[in-house]
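Inspection log for the structure reproduced underneath, given as structure tokens.
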Amino acid sequence: MKFFIQKFFFLILGVSLTACSQDKKTMITQNPTITADNISEEIAKQVKNYSSEKIYAISFTNNKCYFDLYLNDIKVHRNFNGPRGNSAAEINNVVFKNGSQKISYKMYPAGKTEEYDEIYNTLTDDSYLEFELNSYDLKKEGEDDEVYMKYKTPTTELKISEQYSEHKFIATGKTYYEGSFTINVEVPYKLDQPFENAQDLKKLDKKELEAKLVKKYREIKDIYQNKEYDNIAKLAFDNLKNTFISSYESKEEIKNSWQKLIKLYGDSKIEMLPIENYKLEFFADGKLVALMTNSNDKKRRGRNALCGKIVKDKGESTFEIKHYFYIPQGKTEFNVY
């Protein structure tokens with residue numbers, strides 16, 4: 001089975017929400033030569049193809065818990081859809097280079113759910129996560145996925161008799177648990193990491209940092225609401241470039257994806273939501289920061305606070321824009337990743 005997550009879907013929910021018209025234009029100095037007209041071409045120039053093009057994924061199974069999943073301290077998946085199930089998340093776009101990578105996770109109780117009669121306000125004896133690292137090769141269609149390793153959350157052993165023991169989740173009774181493990185991957189590319197040498201934002205005054213970040217969020221929210229093509233291209237470029245390089249995408253696919261997004265987010269029925277009900281969260285060991293939704297609504301919990309909604313005849317749906325923020329050394333203003 002190929003754990004394929006459509007790249008177009010990733011872009012919609014990720015960092016590349018694009019739009020139209022430029023009435024109230026804001027000055028974005030990041031990536032000054034990038035425009036909505038040349039972004040796909042500039043990205044395509046940096047995409048290479050290889051004899052082997054592996055797409056890595058972390059597949060997972062969860063039971064009686066919700067969780068956030070991170071690679072190198074950057075969130076790659078959130079699961080608040082159901083307290084049990086299985087799926088997968090592709091990770092190439094946050095694998096910046098070959099070698100060892102750190103996978104970490106944060107677990108939360110299931111609470112009140114449709115799946116169980118009981119309300120689980122804490123993690124239980126049989127709460128668990130199972131992860132598997134696998135890959136498929138775009139150059140080897142028809143071949144089975146390659147499985148590299150498996151991991152399961154730790155348990156404690158309770159010996160019932162000489163012949164029988166029970167194993168219980170190590171964090172039974174707790175409202176939160178986090179853990180980590182390492183994986184090794186081999187990729188033919190090396191991605192730019194513009195925040196690699198950025199300031200450690202954890203060392204800054206948290207209240208001042210939050211106020212500064214809220215101001216930046218509102219500025220970017222207006223850029224999307226006002227449908228400023230060129231500014232959105234500048235903001236999206238760094239992350240989009242890494243996404244397409246790491247998926248070995250063709251020039252045509254890059255162009256088509258960008259055009260579809262421009263058309264989609266030119267829709268007059270899109271409305272950006274207020275920046276509210278959030279908490280400050282650090283990523284990439286303090287080099288990145290974002291405002292994350294602090295809500296009990298499972299559809300929005302753990303998402304970026306930069307959100308919008310699309311109103312259609314059958315109702316409305318919400319989306320997030322996965323921008324992260326960093327401050328380069330020697331600078332005082334945020335850049336976007």
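Residue numbers (the working numbering): 1 to 337. Positions of the beta carbon are idealized from the N, C-alpha and C atoms, including for glycine.
**Asked** Under the DSSP definition of a beta bridge, which residues are partnered with Q101?
**Response** I183
**Request:** Measure the C-alpha to C-alpha separation of E118 and A89 and round it to an integer number of angstroms.
**Result:** 29 angstroms
**Message:** Whole angstroms are fine: how far does the CA of V76 sit from the CA of S180?
**Reply:** 14 angstroms
**Message:** Between the alpha carbons of F283 and T293, how many angstroms are there, rounded?
**Reply:** 15 angstroms
**Spatial neighbours of A198 in its chain, beta-carbon cut-off 7 angstroms, leaving aside the 5 residues before and after** = K287, Y326, I327, P328 and Q329
**Segment limits, beta strand (DSSP E) that includes L129** = Y128 to D137
**Prompt:** Around the Cβ of S161, are there at least 16 other Cβ atoms within 10 angstroms (buried) or fewer (exposed)?
**Reply:** exposed
**Request:** Excluding the 5 residues preceding and the 5 following S246 in the sequence, name in chain order all residues of the same chain whose CB lies nearer than 8 angstroms to its CB.
**Result:** Within the same chain, S246 has close Cβ partners N92, N93, V95, V187, Y189 and L191.
**Request:** Give the DSSP bridge partners of M107, in chain order.
**Result:** Checking the DSSP bridge columns, you'll see M107 partnered with F67 and Y177.
**Message:** Taking DSSP's pairing of strands, which residues face Y324 in a bridge?
**Reply:** In the DSSP assignment, Y324 is bridged to no other residue.
**Message:** I'd like the list of long-range same chain contacts for Y337, defined as Cβ closer than 7 angstroms, with 5 residues on each side in sequence excluded.
**Reply:** P194, F195, D238, N239, L288, Y324 and Y326
**Message:** Cutting at 6 angstroms between CB atoms, please list the residues of its own chain near N242, excluding the five before and the five after it.
**Reply:** N93 and L191
**Asked** DSSP state of Y265, grouped into three classes?
**Response** Assigned with DSSP and collapsed to three states, Y265 falls in coil, not helix or strand.
**Request:** Following the continuous beta strand (DSSP E) through I43, name the residue where it begins and the one where it ends.
**Result:** I43: not part of any beta strand (DSSP E); member of the alpha helix (DSSP H) spanning I39 to A44, first to last residue.
**Prompt:** Between T35 and the rest of its own chain, which residues show a CB-CB distance below 7 angstroms, the 5 nearest in sequence each way excluded?
**Reply:** D230 and A233
**Asked** When you compare only the Cα positions, how much space is there between E252 and K45?
**Response** One C-alpha to the other measures close to 12 angstroms.
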